[in-house]
Amino acid sequence: MSVSRQNRLVWIALASAPVLLAAIAFLQIRIDEQTRSVAKQKEEVLLTSGPLLKKLSLGYDSLLADIYWTRVVQYYGGKLDMMDPHMDLLPALLDLTTTLDPKLIIAYRYGGIFLAERQPVGYGRPDLAAEFVRRGLAANPNEWRLDFDLGFIYFWQMRDYAKASAAFLDGSKIPGAPDWMASMAARMADRSKELENARALWSEIYRSTQSPKVKAMALARLTTLKVLMEEGWLNDEYQEYLRRFGRPPKSTEDLKTAGIIPGVPIDPAGFAYVFGPDGKARLDPRSPVVIEPLPEAPSAFPPH
Amino acid sequence: MSATASSSPMGAAIPGIVAVNTFREAIRDRILYNLIFFALVMIAAAVLVGQISIGIERIVIINLGLSAISVFGLVMAIFIGVGLVYKEMEKRTLYSLLAKPVRRWEFLAGKYAGLLLTLAANTSLMLLGLGAALLYVSRHFERADLSILVAAYFILLELALVTALALFFSCFSSPMLSALFTLGIYIVGVFAQDIRNIGLVTKNPALISATRTLYYLLPNFHNFNAIAAAAHGETIPGSLVAQNSLYTLLYVSLVLVAAAAIFSRRNLK
Amino acid sequence: MADPAIEILGLTKDYHVGFLRKRARRSLDNLTLRVEEGEIFGFLGPNGAGKTTTIKLLMGLIFPTAGTARVRGRSIDDVRMHREIGYLPEQPYFYDYLSARELLDYYARFSGFGPAERRERVERFLARVGLSDAAELQLRKFSKGMLQRAGIAQAILHDPQVVFLDEPMSGLDPVGRREVRDIILELKRQGHTVFFSTHILSDAEMLCDRVAVLVGGKLRGVGSPDEIVSMEMAGMEILFEAREGRAISPRLLERATKTGDRYRIEVPETELYSALELLRSCDARILSMQPLRPTLEDYFLRLVDQNPPPSRPVEVSAR
Numbered sequence: 001m002s003v004s005r006q007n008r009l010v011w012i013a014l015a016s017a018p019v020l021l022a023a024i025a026f027l028q029i030r031i032d033e034q035t036r037s038v039a040k041q042k043e044e045v046l047l048t049s050g051p052l053l054k055k056l057s058l059g060y061d062s063l064l065a066d067i068y069w070t071r072v073v074q075y076y077g078g079k080l081d082m083m084d085p086h087m088d089l090l091p092a093l094l095d096l097t098t099t100l101d102p103k104l105i106i107a108y109r110y111g112g113i114f115l116a117e118r119q120p121v122g123y124g125r126p127d128l129a130a131e132f133v134r135r136g137l138a139a140n141p142n143e144w145r146l147d148f149d150l151g152f153i154y155f156w157q158m159r160d161y162a163k164a165s166a167a168f169l170d171g172s173k174i175p176g177a178p179d180w181m182a183s184m185a186a187r188m189a190d191r192s193k194e195l196e197n198a199r200a201l202w203s204e205i206y207r208s209t210q211s212p213k214v215k216a217m218a219l220a221r222l223t224t225l226k227v228l229m230e231e232g233w234l235n236d237e238y239q240e241y242l243r244r245f246g247r248p249p250k251s252t253e254d255l256k257t258a259g260i261i262p263g264v265p266i267d268p269a270g271f272a273y274v275f276g277p278d279g280k281a282r283l284d285p286r287s288p289v290v291i292e293p294l295p296e297a298p299s300a301f302p303p304h
Numbered sequence: 001m002s003a004t005a006s007s008s009p010m011g012a013a014i015p016g017i018v019a020v021n022t023f024r025e026a027i028r029d030r031i032l033y034n035l036i037f038f039a040l041v042m043i044a045a046a047v048l049v050g051q052i053s054i055g056i057e058r059i060v061i062i063n064l065g066l067s068a069i070s071v072f073g074l075v076m077a078i079f080i081g082v083g084l085v086y087k088e089m090e091k092r093t094l095y096s097l098l099a100k101p102v103r104r105w106e107f108l109a110g111k112y113a114g115l116l117l118t119l120a121a122n123t124s125l126m127l128l129g130l131g132a133a134l135l136y137v138s139r140h141f142e143r144a145d146l147s148i149l150v151a152a153y154f155i156l157l158e159l160a161l162v163t164a165l166a167l168f169f170s171c172f173s174s175p176m177l178s179a180l181f182t183l184g185i186y187i188v189g190v191f192a193q194d195i196r197n198i199g200l201v202t203k204n205p206a207l208i209s210a211t212r213t214l215y216y217l218l219p220n221f222h223n224f225n226a227i228a229a230a231a232h233g234e235t236i237p238g239s240l241v242a243q244n245s246l247y248t249l250l251y252v253s254l255v256l257v258a259a260a261a262i263f264s265r266r267n268l269k
Numbered sequence: 001m002a003d004p005a006i007e008i009l010g011l012t013k014d015y016h017v018g019f020l021r022k023r024a025r026r027s028l029d030n031l032t033l034r035v036e037e038g039e040i041f042g043f044l045g046p047n048g049a050g051k052t053t054t055i056k057l058l059m060g061l062i063f064p065t066a067g068t069a070r071v072r073g074r075s076i077d078d079v080r081m082h083r084e085i086g087y088l089p090e091q092p093y094f095y096d097y098l099s100a101r102e103l104l105d106y107y108a109r110f111s112g113f114g115p116a117e118r119r120e121r122v123e124r125f126l127a128r129v130g131l132s133d134a135a136e137l138q139l140r141k142f143s144k145g146m147l148q149r150a151g152i153a154q155a156i157l158h159d160p161q162v163v164f165l166d167e168p169m170s171g172l173d174p175v176g177r178r179e180v181r182d183i184i185l186e187l188k189r190q191g192h193t194v195f196f197s198t199h200i201l202s203d204a205e206m207l208c209d210r211v212a213v214l215v216g217g218k219l220r221g222v223g224s225p226d227e228i229v230s231m232e233m234a235g236m237e238i239l240f241e242a243r244e245g246r247a248i249s250p251r252l253l254e255r256a257t258k259t260g261d262r263y264r265i266e267v268p269e270t271e272l273y274s275a276l277e278l279l280r281s282c283d284a285r286i287l288s289m290q291p292l293r294p295t296l297e298d299y300f301l302r303l304v305d306q307n308p309p310p311s312r313p314v315e316v317s318a319r
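Residue numbers (my numbering), protein chains in the order written: chain A, 1 to 304; chain B, 1 to 269; chain C, 1 to 319.
Here it is as structure tokens:
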């Protein structure tokens with residue numbers, strides 16, 4: 001073959017390669033669209049046996065755990081974004097991750113939150129979450145943060161103050177645990193301090209978490225708690241006004257005028273609280289602040 | 001009549017000469033280009049790890065780095081190892097070499113040491129890359145990071161064992177078969193504990209003793225796995241370091257002696 | 001008598017072939033041979049005769065089924081023997097990632113030279129074999145002839161007493177062959193012993209003090225090339241035709257082969273004139289007359305035929 005012929009072939013190859021590659025890419029996009037429209041992607045965890053997977057990983061199990069952890073994060077985040085309340089694979093993924101690497105603390109911490117939170121924000125099974133965190137504690141007995149998480153789940157989701165207190169107490173005994181763990185243990189039992197305790201716990205979560213999603217969640221909770229606490233306080237002052245003057249106050253202005261409160265409290269959006277027809281303080285209807293109701297004490301959990 | 005050279009190099013010098021040449025061959029064979037690939041992987045990981053997972057950046061870098069060092073090292077140990085002796089026999093470069101005052105076992109020792117040297121150099125450079133990525137991701141080193149060095153040392157011990165096995169097979173078997181055998185033994189060695197446990201579960205005395213014998217005969221590669229420990233910054237006990245080192249020394253000696261025995265009686269074609 | 005340079009006693013090599021390695025193929029049968037110091041000794045034979053097998057046995061690359069050998073008094077089992085020998089393998093192949101200089105330097109290290117002497121020797125022998133210009137070139141780029149020269153260089157770099165060359169002329173052009181011949185002669189002048197194998201008779205003729213001939217694994221004869229030269233004129237080949245109307249003498253016919261109209265006859269020197277007389281008497285047309293050159297095998301078979309099959313191969317007078 002002559003040189004010029006060879007050169008021409010080279011040029012043809014160089015010119016056609018990008019065109020062909022682009023065509024292939026386009027085709028792939030169409031194929032993906034087709035398969036997506038044909039069937040909703042089946043959710044699958046191909047291997048459900050943690051120990052088996054650990055064996056198969058030939059010693060690279062902790063790397064595989066990291067990879068599974070990213071799957072957990074993406075799975076959870078994806079569900080959250082789509083507002084899909086069905087997070088069926090979550091327990092399996094978390095189980096695999098922590099079987100592969102029982103020392104991956106972060107999996108227990110966030111996994112606990114993801115599992116405990118009510119739907120659609122979480123899996124809605126605080127009992128499973130507590131069990132999961134307990135597993136983490138068994139593998140990592142010196143991790144006081146897991147005791148914190150456990151206590152938190154009992155307190156916030158399950159309203160089991162005795163168990164919550166016990167968890168905080170256990171955690172406080174671990175060397176390196178901060179002092180407030182012990183005081184938390186003591187305060188748990190006091191039901192009147194429920195909202196304050198909750199606020200302390202959520203503040204700690206807000207401070208220590210590195211996940212933007214969890215941070216946002218904590219902020220929302222703190223906002224709710226602040227509102228609830230202020231409403232509760234205003235209810236008390238409402239009663240005080242009633243007792244003093246024999247009639248209910250019309251607004252928080254009245255309370256201030258009467259000298260019962262030093263100033264007019266405002267909600268995080270800047271609106272003053274109002275008193276409803278039932279005499280209870282609540283947010284101004286024009287206020288954009290949204291609060292979620294606190295988790296109720298569970299009586300029985302529906303099986304999933 | 002001109003004088004012939006009256007002396008031959010003493011003691012460990014001859015294996016050393018062969019070792020240096022083996023090392024030089026590996027470098028010229030561009031095998032160390034795998035370092036570039038490794039570097040790319042680590043850079044990509046360091047840059048992306050923050051986006052794809054929260055809170056475990058260090059853990060991921062250490063896991064990824066050490067796992068990659070292990071995998072690359074294994075591939076190199078097997079692929080170069082199975083050709084160490086075979087290539088020289090096949091290409092008959094061995095003919096002129098064995099005409100010199102070189103004992104066959106000295107030749108084997110030199111080839112082994114040369115490849116081990118290559119693997120050590122490769123591992124060290126990769127460790128530097130790992131350190132750089134770790135520094136990038138977390139801006140500091142911790143005391144606990146010393147266990148990364150120990151984990152890398154364990155990987156090197158593992159590679160020493162695998163290389164010995166590959167060299168052993170290279171003395172009498174084609175590269176393809178040698179690679180299969182070596183890889184096979186490696187995988188079985190990783191599962192050695194499970195084999196023994198299976199035997200225990202059956203409660204059959206014959207099977208129990210058979211699997212137990214197998215357990216002690218096979219190289220137990222699970223001894224050397226410290227990647228998870230390094231990722232979580234746990235200290236690795238000095239006694240384990242000493243034991244693993246001794247285990248490797250003994251096992252490698254066993255394999256090399258067997259290889260020397262086979263090779264010294266082999267008729268070269 | 002002084003130790004011979006090479007002494008081979010009953011060296012035998014069997015290869016086991018077949019499915020279960022049951023059948024034995026004998027590639028070298030009971031070789032006994034002696035090469036004196038300072039000799040250039042040619043080891044001749046057709047391809048597959050066992051020449052390379054013999055050399056490989058001496059080098060310790062393969063192991064004998066029976067028999068022993070010594071070089072300069074040291075058994076071939078002794079690694080120290082290798083200090084005094086050099087070896088050029090047949091169709092040598094070297095580490096192709098090294099340059100010629102690096103290769104020689106590498107091999108030189110096994111002989112225990114100091115760095116300065118090593119450098120000097122490497123340069124000297126590169127020049128000796130004409131590879132100085134190509135010293136930096138990687139061996140993978142070498143031609144066959146260049147590899148051969150590199151091989152010779154590494155074989156003699158350390159001034160070994162005994163040099164073994166397996167087909168040293170193969171792959172060389174006529175200039176290269178002459179250079180190798182010069183090297184061999186120079187080695188002899190320096191007092192070294194050279195043992196080389198070849199299947200080319202003319203090279204052996206030119207260089208060797210003595211030759212041995214190996215055919216089918218067996219030693220067929222040992223002697224000086226003089227005998228070869230003197231037997232060169234083994235006779236004449238005559239091609240002739242019958243002239244129109246004349247018949248060929250029956251005594252010629254019984255020894256002639258006929259192809260078409262042409263006859264061919266081989267006549268030993270002693271009978272040459274009587275054959276010519278016979279041809280003249282029947283007025284045959286002589287087409288050509290050529291001296292017969294004996295084949296190697298012819299010569300030595302004749303050697304063997306002259307003496308009844310001995311238990312040891314015949315040794316004609318050594319020079």
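Glycine included, C-beta positions come from ideal geometry on N, C-alpha and C.
None of these values were measured; they are calculated from a predicted model.
Around the C-beta of residue i, are 16 or more other C-beta atoms found within 10 angstroms, so that it is buried, or is it exposed?
| i | result |
| --- | --- |
| A/Ala-177 | buried |
| B/Leu-64 | buried |
| C/Thr-68 | exposed |
| A/Asp-278 | exposed |
| B/Thr-163 | buried |
| B/Leu-80 | Inspection of the sequence shows that residue 80 of chain B is occupied by Ile rather than by Leu. B/Ile-80 should be labelled buried. |
| B/Ala-3 | For B/Ala-3, the pLDDT reaches just 44, beneath the cut-off of 50, and the residue's location in the model is therefore unreliable, although a value from the coordinates is still provided. It counts as exposed. |
| B/Asn-244 | buried |
| A/Trp-202 | buried |
What are the boundary residues of the beta strand (DSSP E) that includes residue i?
| i | result |
| --- | --- |
| C/Ile-40 | 40–44 |
| C/Tyr-263 | 262–267 |
Below 8 Å on the Cβ atoms is my guess for residue i versus residue j; work out the distance and round it to an integer in Å.
| i | j | result |
| --- | --- | --- |
| C/Phe-142 | B/Ile-14 | Contact doesn't hold; Cβ gap of about 26 Å is too wide. |
| C/Arg-149 | C/Val-122 | Actually they are not in contact, since the Cβ atoms of C/Arg-149 and C/Val-122 sit about 14 Å apart, beyond 8 Å. |
| C/Val-180 | C/Met-169 | 6 Å |
| C/Thr-219 | C/Leu-33 | Residue 219 of chain C is actually Leu in this sequence, not Thr. Confirmed, Cβ separation roughly 7 Å. |
| A/Pro-51 | A/Thr-99 | 6 Å |
| A/Ser-287 | A/Asp-267 | 5 Å |
| B/Ala-259 | B/Phe-168 | 4 Å |
If you follow the alpha helix (DSSP H) that residue i is in, where does it begin and where does it stop?
| i | result |
| --- | --- |
| C/Thr-65 | Taken as a continuous stretch (DSSP letters only), C/Thr-65 belongs to no alpha helix (DSSP H), as it is neither H nor E. |
| C/Met-206 | 201–207 |
| A/Tyr-108 | 105–116 |
Taking the alpha carbon of residue i as the point to measure from, which residue in the options has its own alpha carbon closest?
| i | options | result |
| --- | --- | --- |
| A/Arg-243 | A/Met-217, A/Ala-258, A/Met-229, A/Glu-253 | A/Ala-258 |
| C/Leu-104 | C/Gln-154, C/Gly-191, C/Phe-41 | C/Gln-154 |
| C/Lys-56 | C/Ile-265, C/Ser-197, C/Thr-259, C/Pro-225 | C/Ser-197 |
| B/Arg-153 | B/Gly-16, B/Leu-214, B/Ser-67 | For clarity, residue 153 of chain B is Tyr in the given sequence; the question names Arg instead. B/Tyr-153 has its Cα closest to that of B/Ser-67, out of B/Gly-16, B/Leu-214, B/Ser-67. |
| C/Thr-65 | C/Arg-140, C/Pro-4, C/Leu-11 | C/Leu-11 |
| A/Leu-53 | A/Pro-141, A/Arg-286, A/Asp-95, A/Ala-23 | A/Asp-95 |
| B/Ala-339 | B/Val-18, B/Met-76, B/Val-137 | Outside the modelled stretch of chain B, which goes from 1 to 269, sits residue 339 of chain B, for which no answer is possible. |
| C/Val-211 | C/Ile-8, C/Tyr-15, C/Gly-45 | C/Gly-45 |
| A/Phe-306 | A/Met-188, A/Pro-175, A/Val-121 | Missing from the structure shown is residue 306 of chain A; chain A here goes from 1 to 304 and no further. |
| C/Arg-264 | C/Glu-277, C/Ser-274, C/Gly-217, C/Ala-242 | C/Ala-242 |
| A/Asn-235 | A/Leu-283, A/Met-217, A/Ile-205, A/Ala-198 | A/Leu-283 |
Under three-state DSSP, which class holds residue i?
| i | result |
| --- | --- |
| C/Val-194 | strand |
| C/Glu-237 | strand |
| B/Ile-272 | Only positions 1 to 269 of chain B appear in this structure, which leaves residue 272 of chain B out of reach. |
| A/Met-158 | coil |
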